[in-house]
Amino acid sequence: MLSLTSKTIDKCIFDNPKLFGDGAKAADIVQGALGNCWFLSALSVVATSKGLMDKLCVAHDAEVGVYGFIFFRDTTWVTVIVDDQLFMSIPKYEDLALPEKRLYHGDKTRFNEHARKGGAALKFANSGKNGGTWVSH
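Our numbering numbers the first residue of the sequence shown as 253 and each following residue consecutively.
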């Protein structure tokens, strides 16, 4: 699996990354390769309950790439710190074989702009087309 740091996210995945884009909505959630539909369905319920996401996402610093959430688990509230290292289904340019690099004329920037741009390149889940990163984290 491949991960990205916060500085790379700006350049590779999202044109203008925002935690909630135009607001958290259940329709934003797109499941990826992980069998986590139970968690994503819970997220959709949270997204449809006005103001609930703001109560669960207690702090975030997009500049640093750290997000603080609280979840109710096993009869108690649990604090969870999430970073912005996201797993991708598309390899980094450096990991491509030479014939694959030739498809992009040896241009790493072109590869990143076409193959790794947008939420669809994320491995486990994404926020569809609204520009939000909240589901991916």
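Glycine residues also receive a C-beta, built at the ideal position from the N, C-alpha and C atoms. Quick caveat: nothing in here was measured; it's all calculated off a predicted structure.
Handout entry: Where the beta strand (DSSP E) through Thr331 begins and ends
Key = 328 to 335
Practice task
Determine the closest residue to Ser341 out of Asn364, Ala276, Asp359, Leu355, with distance taken between C-alpha atoms.
Solution key: Asn364
Problem - CA-to-CA distance, Gly303 to Thr327, given in whole angstroms - result: 22 Å
Handout entry: Inter-residue Cα distance where the pair is Tyr319 and Trp386
Key = 10 Å
Problem - Lys302, DSSP secondary structure in three states - result: coil
Practice task
Measure the beta-carbon distance from Phe291 to Leu308 and round it to whole angstroms, keeping in mind my assumption that it falls under 8 Å.
Solution key: So it is not a contact: roughly 13 Å between Cβ atoms.
Handout entry: Contact check, Ser296 vs Ala278, beta carbons under 7 Å
Key = yes
Handout entry: Residues bridged to Tyr319 (per DSSP)
Key = For Tyr319, which the question treats as bridged, DSSP gives the partners His312, Val334.
Problem - Local conformation of Arg368 per DSSP, three classes - result: Coil at Arg368, not helix or strand.
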